[in-house]
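To start, the structure itself, in structure tokens.
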Amino acid sequence: MKKYILVITAVISLPFFSQEENELVLPELGDRVSGAVSTAEEKLIGREFLKQVYFQAPLISDPLIQEYTELLTYRLSEYSEVKDRRFTVLLIDDDSLNAFAAPGGVIGVNGGLFLNADNEAQFSSVMAHELAHLSQRHFARNVLNAQDRSLASSLTMISSIALALISNNPGAMVVGPALMQTQNLRYSRLFEKEADRVGFANLVRAGYNPKAMGEMFENMNDLRRLAGEAPPEFLLTHPLSSSRISDALNAAEGVPEEGTKKDSLEFSLIKSRLKVYYESIPSQSIRYFNAEIKKENSDSNLYGLALAYSQNNNLRESENLINILLKKYPKNLFLNTSKIEILTKAQKYDEALQLANTFLEISPKNYPLTITKSKLLLEMKRFFESEELIRDQLIRRNEDPELWLLLSEIQRNSKNIVGYHQSRAEYFLLLGQNEQALGQLEFALNLTKNNFQVSERIMNQIISIKKAIGESRGF
């Protein structure tokens, strides 16, 4: 299990249902908070944070998991107090339990959060908590409470937090004015309590089982016990009290459970998908899921075994298992997209393409299905069609570096070298790597001297980037 990582806003905090002195009253978020950090400045800080995470943090590149997490976040936000629902959802490639919220609508989720939540309701309880940090503008209010309220100081703080997140090094927080320094401890504790309370209300309004938050706390407590005498630094600095668990479960007692949602097929499939992803030896996954199926012949275990067989290149067995699931859920997009992945790996390209086209007619422009079809067309060397699908997705997801990277791969294979360098430049810009982006565009410019329109467009980009580089250096 990888190390626990420090986050912007802690999931594990103090009890939030118990009464205590100086209890925090939900604020009127008006001019005083905006005077510390405006929403526009929060967006700027969020963009800078994203650049650092994109550049250095390992991310899970899985359209099926990405879309699920985004849709769940948006659905939860409809029942939250978040005003601006333009989110950027990051899937951090780390198998430890963690999630975070950053200014500007950034939500981060570790792969380990899926693995350590028993069901979708528990997972959603953590996501609702993070949405509460955004709706209550805790970052801005921390700045309001700080002595140095400058934007530069805020950017330094968010940079140090990003470094801690990326490096698994909580000590990196000392680089800037740490969010949870002793002088601000009272505020951060109260903010955590407020986020728990607001998040719980969000969870209940969204129709999830009210016991899910307390049950998730119990899972965290189990992780602490498993850590033994040397728990991770994160749990040492953010202790989980038994009263928090009991308070959460007691609060749920007053809320009817009947008709509430606890789990979904997609969440259980993602758990299995990630278990296979984090197991480096496919044969181990096969043994694991075979053993699990003997205990419970569930859909998620069958799916996990299908993926494990695929990873081990036992593609006939993999396809047979996915077909068993599709007899039960013939129209399920998640399962059909997974079958296209398996068929592509088995080089059954025509069958895979027919299946992709069938479901894209039902669900046009579906993100994971479109990406899967584009990769299939790339394998079939139908480069133009593959590129067109990615360009269409970029209309809606223009700030997704993974899409620009995939586009550059398609263009490299099709020998579109100018397009390759242009796409790589866009990729590096999103990572905040202006020098590398400039180098890519200069390569492209040298290849377009006979095409005035393209060379002029590239030259304008070069001028813009040089200006940005100069400004960053104080010139």
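Quick note: the sequence shown uses this note's numbering, first residue 718, plus one each step. Cβ atoms here follow ideal geometry from the backbone N, Cα and C, with glycine treated the same way.
Tell me whether residue i is buried or exposed, calling it buried when 16 or more other Cβ atoms sit within 10 Å of its Cβ.
i: residue 1075; result: exposed
i: residue 1098; result: exposed
i: residue 799; result: buried
i: residue 1189; result: exposed
i: residue 1198; result: Not covered by the structure: residue 1198. The range shown for the chain is 718 to 1192.
i: residue 791; result: exposed
i: residue 959; result: exposed
i: residue 830; result: buried
i: residue 1035; result: buried
i: residue 1045; result: exposed
i: residue 765; result: buried
i: residue 972; result: exposed
i: residue 1053; result: buried
i: residue 1022; result: buried
i: residue 911; result: buried
i: residue 762; result: buried
i: residue 1132; result: exposed
i: residue 922; result: exposed
i: residue 1184; result: exposed
i: residue 842; result: buried
i: residue 698; result: Residue 698 cannot be examined here, being either before or after the span of the chain that is shown, 718 to 1192.
i: residue 1166; result: exposed
i: residue 983; result: buried
i: residue 783; result: buried
i: residue 998; result: exposed
i: residue 1079; result: exposed
i: residue 768; result: buried
i: residue 1041; result: exposed
i: residue 913; result: buried
i: residue 1051; result: buried
i: residue 755; result: exposed
i: residue 1178; result: buried
i: residue 988; result: buried
May I ask you to list the residues that DSSP assigns as paired with residue i?
i: residue 805; result: 823
i: residue 925; result: 978
i: residue 1194; result: Nothing about residue 1194 can be reported from this structure: the residues present for the chain run from 718 to 1192 only.
i: residue 776; result: 809
Tell me whether the beta-carbon of residue i lies closer than 7 Å to the beta-carbon of residue j.
i: residue 827; j: residue 813; result: yes
i: residue 917; j: residue 962; result: no
i: residue 780; j: residue 1085; result: yes
i: residue 1002; j: residue 1025; result: yes
i: residue 1019; j: residue 1038; result: yes
i: residue 1072; j: residue 1087; result: no
i: residue 919; j: residue 845; result: yes
i: residue 1154; j: residue 1134; result: no
i: residue 1120; j: residue 1128; result: no
i: residue 969; j: residue 931; result: yes
i: residue 847; j: residue 816; result: yes
i: residue 771; j: residue 1077; result: no
i: residue 929; j: residue 839; result: yes
i: residue 803; j: residue 794; result: no
i: residue 1112; j: residue 1089; result: no
i: residue 991; j: residue 832; result: yes
i: residue 1069; j: residue 1093; result: yes
i: residue 1169; j: residue 1138; result: no
i: residue 1141; j: residue 1125; result: yes
i: residue 915; j: residue 834; result: no
i: residue 1175; j: residue 1164; result: no
i: residue 1123; j: residue 1144; result: no
i: residue 1186; j: residue 1130; result: no
Just to confirm, does residue i get its C-beta within under 6 Å of one of the non-hydrogen atoms of the ligand GDP?
i: residue 1139; result: With respect to the ligand GDP, the structure offers nothing, as it holds no ligand at all.
Checklist entry - Okay, do the segment 815-826 and the segment 979-986 touch, 3+ Cβ pairs below 8 Å being the bar? => result no
Checklist entry - Taking the runs of the beta strand (DSSP E) that are 3 residues or longer, which of them lie wholly in the segment 992-1059? => result List check, beta strand (DSSP E) in window: nothing returned.
Next on the checklist: Under 8 Å, with one C-beta from each stretch per pair, do the segment 842-854 and the segment 1014-1026 reach the 3-pair mark?
Outcome noted: no
Checklist entry - Do the segment 760-779 and the segment 802-809 meet, that is, are 3 or more Cβ pairs less than 8 Å apart? => result As far as the Cβ criterion goes, the segment 760-779 touches the segment 802-809, which means the pair count is three or higher.
Checklist entry - Taking only runs of the alpha helix (DSSP H) that begin and end inside the segment 1117-1141, which ones reach a length of at least 4 residues, in chain order? => result 1118-1130
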